[in-house]
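Peer 1: Encoded as structure tokens, here's the structure I'll be asking about.
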Amino acid sequence: MKKLLPVLIVLGIYLVLGLFIYFSVFANRLVEVKDREKEVTTEEMEIHPASVDLIVENGPATSIYHAQLTNKDTVMELLEYHLKNSGFTFTKTDYTYGTVLDTVNGYSAPDGYMWQVFDDDSEITYGLNDVLIIDGHTYTIRAGELQ
Numbered sequence: 016m017k018k019l020l021p022v023l024i025v026l027g028i029y030l031v032l033g034l035f036i037y038f039s040v041f042a043n044r045l046v047e048v049k050d051r052e053k054e055v056t057t058e059e060m061e062i063h064p065a066s067v068d069l070i071v072e073n074g075p076a077t078s079i080y081h082a083q084l085t086n087k088d089t090v091m092e093l094l095e096y097h098l099k100n101s102g103f104t105f106t107k108t109d110y111t112y113g114t115v116l117d118t119v120n121g122y123s124a125p126d127g128y129m130w131q132v133f134d135d136d137s138e139i140t141y142g143l144n145d146v147l148i149i150d151g152h153t154y155t156i157r158a159g160e161l162q
């Protein structure tokens, strides 16, 4: 019995450690669901006027368009506003990952390039339908190298 006691103590320690590891690693596999911060939808947001500029750089030619919209409008709505009111033209293709401009003012981007849209210095090409315009910002369209 005296020889069996140390073996039982060691086995007991292994059993306790094994149970501890099991319950701390495997038994707590519950997925925690946290409430995401409530995003403000365009229906809930406070609407303000937004005075924005659209600059189109096409080689040596640069065109500047100004619009008075609201902060609820997207960049695509800005482009569509100028399509209807300013003589600005564009064609687009919608993909699952975003919208791409095919032609701007009748011009296709040169080979190896695509039309890119910038909000000041941030590229927003694929988010035209999602990015809301901001008062005082300048949106620029220019040909950039394919990525």
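Quick note: the sequence shown uses the working numbering, first residue 16, plus one each step. Yeah, the Cβ is synthetic: ideal placement off N, Cα and C, and Gly gets one too. As the structure is a prediction and not an experimental result, all values here were calculated from the model.
#1: Are there 16 or more other CB atoms within 10 angstroms of the CB of His97, so buried, or fewer, so exposed?
#2: Provide the residue span of the alpha helix (DSSP H) that contains Gly33, from first to last.
#3: How is Val146 classed by DSSP in three states: helix, strand or coil?
#4: So, is Phe35 buried or exposed, given that buried needs 16 or more other C-beta atoms within 10 angstroms?
#5: Excluding sequence positions up to five away, which residues of its chain have a Cβ less than 7 Å from the Cβ of Gly127?
#6: So, helix, strand or coil for Asn100, using DSSP?
#7: Using the Cβ count rule (16 or more neighbours within 10 Å means buried), how would you classify Phe105?
#8: Could you have a look at Met129 and say whether DSSP puts it in helix, strand or coil?
#9: Are Leu84 and Leu69 closer than 8 Å when you measure CB to CB?
#10: Go ahead and label Ile28 buried or exposed: buried means 16 or more other beta carbons lie within 10 angstroms of its beta carbon, across all protein chains shown.
#11: Do you know offhand how far Pro64's Cα is from Pro125's?
#12: Once DSSP output is grouped into helix, strand and coil, what is the label at Leu93?
#13: Among the candidates Asn144, Thr153, Tyr154, whose CA atom is the shortest distance from the CA of Tyr110?
#14: Would you give the residue range spanned by the beta strand (DSSP E) that Glu61 belongs to?
Peer 2: Well, looking at it:
#1: When all chains shown are included, His97 counts as buried.
#2: Its alpha helix (DSSP H) spans residues 19 to 36.
#3: Val146 falls in the coil class under three-state DSSP.
#4: Exposed: under 16 other Cβ atoms inside 10 Å.
#5: Hits under 7 Å: Glu160, Leu161.
#6: Three-state DSSP puts Asn100 in a helix.
#7: Buried, since its Cβ has 16 or more Cβ neighbours within 10 Å.
#8: Three-state result, Met129: strand.
#9: In this structure, Leu69 does not lie closer than 8 Å to Leu84 by Cβ.
#10: Label assigned to Ile28: exposed.
#11: Taking the straight line joining both Cα atoms gives about 36 Å.
#12: In the three-state reduction of the DSSP assignment, Leu93 falls in the helix class, which pools H, G and I.
#13: Shortest Cα-Cα distance from Tyr110 to any of Asn144, Thr153, Tyr154 involves Asn144.
#14: Bounds of any beta strand (DSSP E) do not take in Glu61, whose DSSP letter is neither H nor E.
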